[in-house]
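Asks:
Protein chains in written order, with this note's numbering: chain X, 1 to 334; chain B, 335 to 590.
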């Protein structure tokens, strides 16, 4: 293996590279598409380049980056707190809850509730309901263990999925199409206030999570290991679960469930930069965002019809990940 | 300064079964103490209670006059380091990353300070693990892992060191090396308490031996007394005999 221990210099190099990648993706992906955009003209505010760049494609890129970053970071958090390399933002049921809420709104035929888009509201409430149920089931007295959290989450996940199937079964053909579309996950253009709202949730939670990165190194080893080294496993467990859930739920509410990013981006990064959460967490956010933005660009440009982005994340990300795994084959461990 | 541990009538039950009862012990000076006893005698439970890792026990366990669970975790971790017997890693951390984790109770900033590095290097030197520094912890052998975990505990610069079978997976050379290191640490002012099944390591290195059986303390004395042939028969139900080695040292032979 031979990853070097973390010095400020090494951290700066890794994060600078990740930030540069994210920045390049942020500038380049809006240029791709059926209509050519001149970046200079867009910068000078000339019609139609500026409107195309800032009004349509850039918000979409930003949405993809925020979503990808949040999902990848939530993946790191859940993997560390469950000590399960296979954990993803969807393991603990929050995304299923969000999906259930959204599907319920579709079946009820609601479009807006209290002036808010019904889909987002339903998804947010569904995620919140799952959060409350999982924590109250997992809490024994005042203590929460990662094991009960996992079992409660997996159970809720299955319940929500069956309810979705039930609703799907009861839906009309038109609703059924909307349900399938939503469940596939899409980076659809969203209005600027939605984007800003998502950023206001995702960015502070991500920064707060990254600030506790040092403790997550201990938690990734074990709760007793963390406790014997001065950390508070209970507080971290609950805080990490809430942070990861908020990230996953906020993104899912806007985009629907998008798989693969939260599982594979953290692992690909671990292969390259090691497991130290002080760089793994911010790097996952940046690279996850860039990855999803690239996948979304591919999804809307590769064929004449727009593909669901989750198809592309797996079709592009899967082979890349397998290539990374093979190139690191000397070590038998992931 | 070493720490002072006072245990008063400490007991612990798991699902109604008493695994520890009425344990009253005091540790007031730097010394190497070994805890012996058959499987299930309560040795690890006792060690975990002292490390502040178990709740819901009876009686009182005080560190420097304050109940262990009342300490702020960070302050406690600067006084007491605990070394588990094994550790399963699910993610690829390197050996030196594991050792540096021992510095978390001192962490001021986001990165490891020069002092952290210094402490980690010294700890790895003392445990003969410098050569393993960049290796994936999961690729290490059981004995190498134990030495790396001990290094992480030493990097914590504690005043008391609690170890659960620190030599269980070690080869002969490293068994002796680790126990002389532990004795040297005790001479240097640390309270060292180690669980072991090796009566000969206990006899030749410790200042004090505590024998547990069925959750109770049955001996708390010098190695000579606590490991006498009668005691060993009483505690383990095994015949034993003290032999004299050609060099003058003693050796405990056991078996029929």
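Even for Gly, the Cβ is constructed at its ideal location relative to N, Cα and C.
1) Would you call the CB atoms of residue 474 (chain B) and residue 429 (chain B) closer than 8 Å?
2) 8 Å is my cut-off, CB to CB: does residue 428 (chain B) come that close to chain X?
3) What is the residue span of the alpha helix (DSSP H) that residue 52 (chain X) lies within?
4) Which residues of chain X have a Cβ atom closer than 9 Å to the Cβ of residue 438 (chain B), listed in chain order?
5) Any residues in the region 402-422 of chain B with a beta carbon nearer than 9 Å to a beta carbon of chain X? Which ones, in chain order?
6) Would you mind giving the Cβ-Cβ distance between residue 250 (chain X) and residue 198 (chain X), rounded to the nearest angstrom? I have them listed as a contact below 8 Å.
7) Taking the beta strand (DSSP E) that residue 339 (chain B) belongs to, which residues open and close that run?
8) For a contact defined as C-beta to C-beta under 8 Å, what are the partners of residue 85 (chain X) on chain B?
9) Among residues of its own chain, excluding the 5 on either side of residue 405 (chain B), which ones have a beta-carbon nearer than 7 Å to its beta-carbon?
10) If residue 411 (chain B) and residue 230 (chain X) are in contact, beta carbons under 8 Å, what's the gap, nearest whole angstrom?
11) To the nearest angstrom, report how far apart residue 98 (chain X) and residue 531 (chain B) are at their CA atoms.
12) Considering residue 302 (chain X), what are the terminal residues of the alpha helix (DSSP H) in which it resides?
13) Exposed or buried, residue 319 (chain X), counting other C-beta atoms within 10 Å across all chains shown (16 or more means buried)?
14) Could you check whether residue 146 (chain X) and residue 82 (chain X) sit closer than 8 Å to each other, using their CB atoms as the reference points?
15) In the DSSP assignment, the alpha helix (DSSP H) including residue 513 (chain B) goes from what residue to what residue?
16) Out of B:427, B:354, B:467 and B:519, which has the shortest C-alpha to C-alpha gap to residue 219 (chain X)?
17) Starting from the beta carbon of residue 73 (chain X), find every residue of chain B whose beta carbon is closer than 7 Å, and list them in chain order.
18) Compare the C-beta of residue 346 (chain B) with all C-beta atoms of chain X and state if any pair is closer than 8 Å.
19) Give me the DSSP bridge partner(s) of residue 156 (chain X).
20) Run through the DSSP bridge pairs and tell me what residue 428 (chain B) is partnered with.
21) Helix, strand or coil for residue 585 (chain B), going by three-state DSSP, please let me know.
22) Would you identify the three-state DSSP class for residue 112 (chain X), choosing helix, strand or coil?
23) Kindly indicate the opening and closing residues of the beta strand (DSSP E) around residue 45 (chain X).
24) Within 10 angstroms of the Cβ of residue 111 (chain X), are there 16 or more other Cβ atoms? Answer buried if so, exposed if not.
25) Using a Cβ-Cβ cutoff of 7 Å, what residues of the region 145-170 of chain X are near chain B? List them in chain order.
26) Are there 16 or more other CB atoms within 10 angstroms of the CB of residue 138 (chain X), so buried, or fewer, so exposed?
27) Do the CB positions of residue 182 (chain X) and residue 256 (chain X) come within less than 8 Å of each other?
28) Please report the straight-line C-alpha distance between residue 469 (chain B) and residue 434 (chain B), rounded to a whole angstrom.
29) On the criterion of 16 or more Cβ atoms from any shown chain inside 10 Å, does residue 527 (chain B) qualify as buried, or is it exposed?
30) With 8 Å set as the bound, which would you pick, yes or no: does the beta-carbon of residue 14 (chain X) sit closer than that to a beta-carbon of chain B?
31) Return the first residue and the last residue of the alpha helix (DSSP H) that residue 360 (chain B) is part of.
32) Can you tell me whether residue 446 (chain B) is buried or exposed? The criterion is at least 16 other CB atoms within 10 Å of its CB, across all chains shown.
Replies: With the structure as the only source:
1) Position 140 of the second chain, counted from the start, is the residue given in the question as residue 474 (chain B). Position 95 of the second chain, counted from the start, is the residue given in the question as residue 429 (chain B). Going by C-beta atoms, residue 474 (chain B) is nearer than 8 Å to residue 429 (chain B).
2) Translated into the one-based positions of the second chain, residue 428 (chain B) becomes position 94. Closer than 8 Å to some Cβ of chain X, the Cβ of residue 428 (chain B) qualifies, so yes.
3) Counting from one through the first chain, the residue named residue 52 (chain X) turns up at place 52. Taken as a continuous stretch (DSSP letters only), residue 52 (chain X) belongs to no alpha helix (DSSP H), as it is neither H nor E.
4) The residue given as residue 438 (chain B) occupies position 104 in the second chain. Near residue 438 (chain B) (Cβ distances below 9 Å), the residues of chain X are 214, 215, 217, 218, 226, 229, 230 and 231.
5) 406, 407, 408, 409, 410, 411, 412, 414, 415, 416, 417, 418, 421 and 422
6) The residue you call residue 250 (chain X) lines up with position 250 of the first chain. The residue you call residue 198 (chain X) lines up with position 198 of the first chain. That pair is a contact at about 6 Å.
7) Taking the second chain and counting its residues from 1, the one referred to as residue 339 (chain B) is at position 5. Here the beta strand (DSSP E) through residue 339 (chain B) covers 339-348.
8) The count along the first chain starts at 1 and reaches residue 85 (chain X) at position 85. Within 8 Å Cβ-Cβ: 424 and 425.
9) In the second chain, counting from the first residue as 1, residue 405 (chain B) sits at position 71. Excluding positions up to five away in sequence, the list reads 386 and 397.
10) Here residue 411 (chain B) refers to the residue found at position 77 of the second chain. Here residue 230 (chain X) refers to the residue found at position 230 of the first chain. With a Cβ gap of about 3 Å, residue 411 (chain B) and residue 230 (chain X) count as contacting.
11) For the purposes of this step, residue 98 (chain X) is taken as the residue at position 98 of the first chain. For the purposes of this step, residue 531 (chain B) is taken as the residue at position 197 of the second chain. C-alpha separation (whole angstroms): 53 Å.
12) For the purposes of this step, residue 302 (chain X) is taken as residue 302 along the first chain, with counting starting at 1. Segment: none, residue 302 (chain X) is in no alpha helix (DSSP H) and carries neither H nor E.
13) Taking the first chain and counting its residues from 1, the one referred to as residue 319 (chain X) is at position 319. Flag for residue 319 (chain X) reads exposed.
14) Start at 1 with the first residue of the first chain, and residue 82 (chain X) comes out as number 82. Start at 1 with the first residue of the first chain, and residue 146 (chain X) comes out as number 146. Against a cut-off of 8 Å, the Cβ pair of residue 146 (chain X) and residue 82 (chain X) comes out as a contact.
15) Within the second chain, the letter at position 179 stands for residue 513 (chain B). First-last of the alpha helix (DSSP H) with residue 513 (chain B): 506-521.
16) Position 219 of the first chain, counting from 1, holds the residue named residue 219 (chain X). With distances taken between Cα atoms, residue 219 (chain X) lies closest to B:427.
17) Taking the first residue of the first chain as 1, we reach residue 73 (chain X) at position 73. Neighbours of residue 73 (chain X) on chain B: none; closest Cβ ~16 Å, over 7 Å.
18) The sequence position of residue 346 (chain B) within the second chain is 12, counting from 1. So, not an interface residue.
19) As a first step, residue 156 (chain X) is located in the first chain; it is residue number 156 there, counting from the start. Paired residues: none, contrary to the question.
20) As a first step, residue 428 (chain B) is located in the second chain; it is residue number 94 there, counting from the start. DSSP, once it has assigned bridges, lists B:470 as partnering residue 428 (chain B).
21) Position 251 of the second chain, counted from the first residue, corresponds to residue 585 (chain B). The answer is strand: DSSP assigns residue 585 (chain B) an E or B state.
22) Here residue 112 (chain X) corresponds to residue number 112 of the first chain, with the count starting at 1. The answer is strand: DSSP assigns residue 112 (chain X) an E or B state.
23) For the purposes of this step, residue 45 (chain X) is taken as residue 45 along the first chain, with counting starting at 1. Here residue 45 (chain X) belongs to no beta strand (DSSP E), and DSSP marks it neither H nor E.
24) As a first step, residue 111 (chain X) must be located in the first chain, where it is residue number 111. Exposed: under 16 other Cβ atoms inside 10 Å.
25) none
26) In the first chain, the residue the question calls residue 138 (chain X) occupies position 138. By the 10 Å Cβ count, residue 138 (chain X) comes out buried.
27) Residue 182 (chain X) sits at position 182 when you count from the first residue of the first chain. Residue 256 (chain X) sits at position 256 when you count from the first residue of the first chain. The answer is yes: Cβ separation under 8 Å.
28) What you label residue 469 (chain B) is simply residue 135 of the second chain in a count that begins at 1. What you label residue 434 (chain B) is simply residue 100 of the second chain in a count that begins at 1. Each residue's Cα considered, the two are about 14 Å apart.
29) Residue 527 (chain B) sits at position 193 when you count from the first residue of the second chain. Its Cβ being crowded by 16 or more others within 10 Å, residue 527 (chain B) is buried.
30) Here residue 14 (chain X) corresponds to residue number 14 of the first chain, with the count starting at 1. So, not an interface residue.
31) One-based indexing of the second chain puts residue 360 (chain B) at position 26. First-last for residue 360 (chain B): 351-361, but that is the beta strand (DSSP E), not the alpha helix (DSSP H).
32) Counted from its first residue, the second chain places residue 446 (chain B) at position 112. Its Cβ being crowded by 16 or more others within 10 Å, residue 446 (chain B) is buried.
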